[in-house]
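Structure record follows, encoded as structure tokens.
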Amino acid sequence: MARTTFYSSSAEHKCLKRGVKEVVKSIRRGNKGLCVIAGNISPIDVITHVPILCEEANIPYIYVPSKEDLANAGATKRPTCCVLVLTKPTKGEIAKEEQEKLKGDYDQVASDIAEIANSMF
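Using the UniProt record's numbering, the first residue of the sequence shown is number 1, and each one after it goes up by one.
Spelled out as structure tokens, the structure:
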């Protein structure tokens, strides 16, 4: 539940980078956040380099079942194969309270993902 609200509130505050090109560009520029990757991408070669970039940049990433689910959570109609949810907007400013709330939600989701990953091994 926290993941969906975090994702949708980030969409409201323009803290999302959608698509492989934007995500890769943002990671290479040093932006931090959470990368969400759709699992039903064909051909898979389109996104195979994204997890490697995320690991090199210490950015947590997670897979979701479909690109349609990813689009619905981000309040768009167009399916997308990956999204980078930023903790702060790259352009403009948001209220300090909203910034702190986004950062808190990000920390919660990142710790949930780390806990899930650690429990698998």
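By construction, the Cβ of each residue, glycine as well, lies at the ideal position given by its N, Cα and C atoms.
Please read all numbers here as calculations on a predicted model, not as lab measurements.
Q. Which word fits K25, buried or exposed, when buried means at least 16 other C-beta atoms lie within 10 angstroms of its C-beta?
A. exposed
(Q) Does G30 pass the burial test, meaning 16 or more other C-beta atoms within 10 Å, or should it be called exposed? (A) exposed
Q: Given a cut-off of 9 angstroms, decide if I37 and Y63 are closer than it, judged by their beta-carbon atoms.
A: yes
Q: Kindly indicate which three-state DSSP category K32 falls into: helix, strand or coil?
A: coil
Q: Name the one or two DSSP bridge partners that V85 has.
A: L16, L34
**Q.** V46 beta carbon less than 9 angstroms from that of L84
**A.** no
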